[in-house]
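Inspection log for the structure reproduced underneath, given as structure tokens.
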Amino acid sequence: MKKVSLALLVLWLSIVAVGCGVNKSNNTSRTNQGQTNTSGNAAQTALEEVKASGKLRIGTEGTYAPFTFHDSTGKLTGFDVEIAEEISKRIGVQPEFVESAWDSLIAGLDAKRFDAVFNEVSITDERKAKYAFSDPYIVSKAVLIVRQDNTSIKKFADLKGKKSGQSLTSNLNKIAKENGAQIVPIEGFNQAIDLLTSNRIDATVNDGLSFLDLKKHKPDAPIKVVDTSNAASQSAGLFNKGADDLVTAANKALADMKSDGTYLKISKKYFGEDVSK
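Residue numbers (the working numbering): 293 to 569.
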């Protein structure tokens, strides 16, 4: 009987010890959780993360003049670049540009390689369903560009069966496809013009402001605009959904830039006029 009683006593003590261990563990977990909440170590918002890092990571092409390109010294510059730099400054962080081909920019945002994309990104319903936009900061129209000696393409409808150089994820690509063009994938405006002037494509649907900038710097370029879309396209900074406070901060910076004349100064530098409307 004593042996049995002793065995039962040992078993009872083991159960009590295990029970105490479990309770201690649970209490520690809850205490740590409480410390996390009270010490402010909960998940940061998008704006908090940017401010904590001291930089705004910006996806851009670097090959799309006059919006984002390299000048004669190799420095990254352009309308969108200067807008993004000014927004970063007003948020209180440094801009960090990450250059990527157009078709990789949105994928980079998805993968959180960037905090935002500033690259003449048109606002579309399809994109708004998945991403957040800042307020628009530029308005432009799509134009149909062909070689100077081309007489067979005079309007968008004439693209049917013709080779048109387009960035596959651009809304400009959609216009070309809707008009029956045979799409030739390109990485940006400059490549489209190179293919066009070398007679490897018949046309490109592209940004009217880019065309004006090209002709300003290369007035003898053997290309011309033969048609212009009726609908104007608005472009803005592109952000991931959920980055609401970062978008709000960007919008405030844009509004302040327009109010104090900074936006108009940048706009006139590249286009000679206010391109926000």
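Note that beta-carbon positions come from the ideal geometry of N, C-alpha and C, so glycine has one too. Given the structure is predicted, the values throughout are model-derived calculations rather than measurements.
Residue nearest to residue i in terms of C-alpha spacing, selected from the options
| i | options | result |
| --- | --- | --- |
| Arg419 | Ser568, His362, Ser380 and Asn463 | Asn463 |
| Gly564 | Leu504, Ile485 and Ala408 | Leu504 |
| Ile437 | Leu556, Asn498, Ser345 and Lys367 | Asn498 |
| Ala338 | Asp363, Gly400, Gly366 and Ala408 | Ala408 |
| Leu546 | Ile515, Ser568 and Phe406 | Ser568 |
| Thr489 | Ser456, Gln474 and Lys466 | Ser456 |
| Gly534 | Ala421, Ser396, Asp512 and Lys561 | Ala421 |
| Phe448 | Leu487, Ile415 and Asp519 | Asp519 |
| Leu581 | Phe531, Lys557, Gln474 and Lys516 | Absent from the structure is residue 581, since the part of the chain shown begins at 293 and ends at 569. |
| Pro514 | Glu479, Gly529 and Ile485 | Ile485 |
| Ser392 | Lys446, Glu479 and Ala473 | Glu479 |
| Phe441 | Arg405, Lys516 and Pro511 | According to the sequence displayed, residue 441 carries Asp and not Phe. Closest by alpha carbon: Lys516. |
Outcome for residue i when other beta-carbon atoms lying within 10 angstroms are tallied against a minimum of 16
| i | result |
| --- | --- |
| Asn411 | buried |
| Pro443 | Per the sequence shown, residue 443 should be read as Thr rather than Pro. Exposed. |
| Asp450 | buried |
| Asn522 | exposed |
| Arg349 | buried |
| Glu340 | exposed |
| Glu374 | buried |
| Lys454 | buried |
| Glu470 | exposed |
| Thr352 | buried |
| Gln458 | buried |
| Ala524 | exposed |
| Ser551 | exposed |
| Ser527 | buried |
| Arg322 | Note that Arg322 has pLDDT 26, beneath the 50 cutoff, so the model's placement of it is unreliable and the number below is only indicative. Arg322 is exposed by the Cβ-count criterion. |
| Leu460 | exposed |
| Thr369 | buried |
| Asp372 | buried |
| Gly366 | exposed |
| Gly529 | buried |
| Gly553 | exposed |
| Ser414 | buried |
Those residues which DSSP pairs with residue i across a bridge
| i | result |
| --- | --- |
| Gly457 | Val476 |
| Gln336 | BP columns for Gln336 are empty, so no partner. |
| Ile445 | For Ile445, which the question treats as bridged, DSSP gives no partner whatsoever. |
| Phe389 | Ile350 |
| Phe361 | Thr369 |
| Ser432 | Ser525 |
| Ala570 | What is shown of the chain runs 293 to 569, which leaves residue 570 out entirely. |
| Arg439 | Ile515 |
is_contact[residue i, chain D] using C-beta, thresh 8 Å
| i | result |
| --- | --- |
| Asp363 | Annotation note: the requested chain D is absent from the structure, which comprises a single protein chain. |
Are the segment 418-433 and the segment 380-389 touching by the rule of at least three beta carbon pairs closer than 8 Å? Below 8 Å, too few C-beta pairs join the segment 418-433 and the segment 380-389 to call them touching: fewer than three.
Only counting runs of 4 or more residues, tell me where the alpha helix (DSSP H) segments fall wholly within the segment 496-526, in order along the chain. List check, alpha helix (DSSP H) in window: 500-509.
So, do the segment 385-405 and the segment 335-352 have three or more beta carbon pairs nearer to each other than 8 Å? The segment 385-405, when compared against the segment 335-352, does touch it at the 8 Å Cβ threshold.
For the structure I just gave you, are there three or more beta carbon pairs, one from the segment 395-409 and one from the segment 487-498, closer than 8 Å? As far as the Cβ criterion goes, the segment 395-409 does not touch the segment 487-498, which means the pair count is below three.
Touching or not, the segment 499-519 and the segment 352-360, by the rule of three or more beta carbon pairs under 8 Å? Segments in contact, yes.
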